[in-house]
Amino acid sequence: MAAARVRNGGRPTLEEVAARAGVGRGTASRVINGSPRVSEATREAVQAAVAELGYVPNRAARALAGNRTDAIALVVPEPETRFFAEPYFSAIVRGVGAALADTEMQLLLTLAGNDRERRRLAQYLTAHRVDGVLLVAVHADDPLPELLEQLGMPCVISGARHANEPLASV
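Using the numbering used here, the first residue of the sequence shown is number 174, and each one after it goes up by one.
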């Protein structure tokens, strides 16, 4: 079924979904976010309005409201030439992608093989633009684990680390 036109053909809003379903904005939000605290009749009305209007939740708005990005960074502190030359890295990307396939999480692949890329990554992580980090092929002298610890960023590390490393590693 084609989406109904709303707001002069613009993207439908949560308020429009709520109005179409005859419920409040908060109730519509609870249905869309999967809360069990709504009746089945209300859930069906909101879901029908979502389908009729073609509503798609705004990821940026959800991130702001919930202090979550729904994104995981896969950080590879290696040069681009090595990343594309070694099958190990494609296997990692496939595995992480498969693990996230049935979730709402997005995978952000970041290469950090030189100082410029590391500085840009540090700024990105400091701004908390991801909910967690998978750091692969890390070397014992790599400063990234220390940065992740300082930021309190949830992370898992794969590679050589010190015995007293406080971060989870595999």
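Using N, Cα and C, we set each Cβ at its ideal position, and we do this for glycine too.
Nearest to G227 (by Cα), restricted to the options A300, D315, G183: G183
Segment contact, 8 Å Cβ cut-off, at least three pairs: the stretch 269-279 with the stretch 214-229: no
Alpha helix (DSSP H) runs contained entirely in the stretch 181-250, provided each spans 4 or more residues: 187-194, 198-205, 213-226, 232-239
For T283, the three-state DSSP class (helix, strand or coil): strand
Endpoints, the beta strand (DSSP E) within which A310 is located: 305-311
Span separating the alpha-carbon of L281 from that of E188: 31 Å
Contact under 8 Å by Cβ, V248 with L317: yes
Proximity below 8 Å, CB of D304 to CB of R203: no
Reduced DSSP secondary structure (H/G/I, E/B, other) of G270: helix
Rounded separation between A177 and E225 - CA only: In this predicted model, A177 has a pLDDT of only 49, less than 50, meaning its place in the structure is not dependable enough to derive any value.
Own chain, CB closer than 8 Å to A244, minus 5 neighbours either side, in chain order: M278, Q279, L280, L281, R302, V303, D304
Test item: CB-CB of A192 and V219 under 8 Å: no
Member of M326, A295, A313 whose CA lies at the smallest distance from the CA of T283: A295
Proximity of G332 and V306 at Cβ, strictly below 8 Å: no
Nearest residue (CA-CA) to L273, options A246, L320, G325, T186: A246
8 Å CB neighbourhood of G197 in its chain, flanking five on each side removed: A191
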